[in-house]
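Structure first, commentary second.
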Amino acid sequence: PDQRGFAVISRRWVVERTLAWLTACRRLARDYERDPTVSEALIRWAAIGGMARRLTRGGPARRQPRYICP
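Once you know that position 54 of the sequence shown is 54 in full-length UniProt numbering, the rest is easy, because the numbers rise by one and skip nothing.
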């Protein structure tokens, strides 16, 4: 509360992270589709694939927080 000005937040923004995950699907890198419903279906398909991949992997879904030693 006492700090003024710009402060770096230690977590990533959800929207930027989601867009990065979706852009990893190379089909979505460019918009080749004429019909917007096809583009929407491809975006949903990529999101479902990403969610399924994260849900089925063995380890924790999130990064572990860094502990700073005093």
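For every residue, glycine included, the Cβ atom is placed at its ideal position computed from N, Cα and C.
Here the structure is a predicted model, which means the values were calculated and not measured.
A Cβ-Cβ distance of about 7 Å is found for the pair Ala29 and Thr23, placing them in contact under the 8 Å criterion. The continuous alpha helix (DSSP H) containing Val15 extends over residues Val14 to Thr23. Across the structure, Ala7 and Trp13 are spaced so that their CA atoms are roughly 14 Å apart.
In this structure, DSSP gives Gly5 a state outside helix and strand, which the three-state scheme calls coil.
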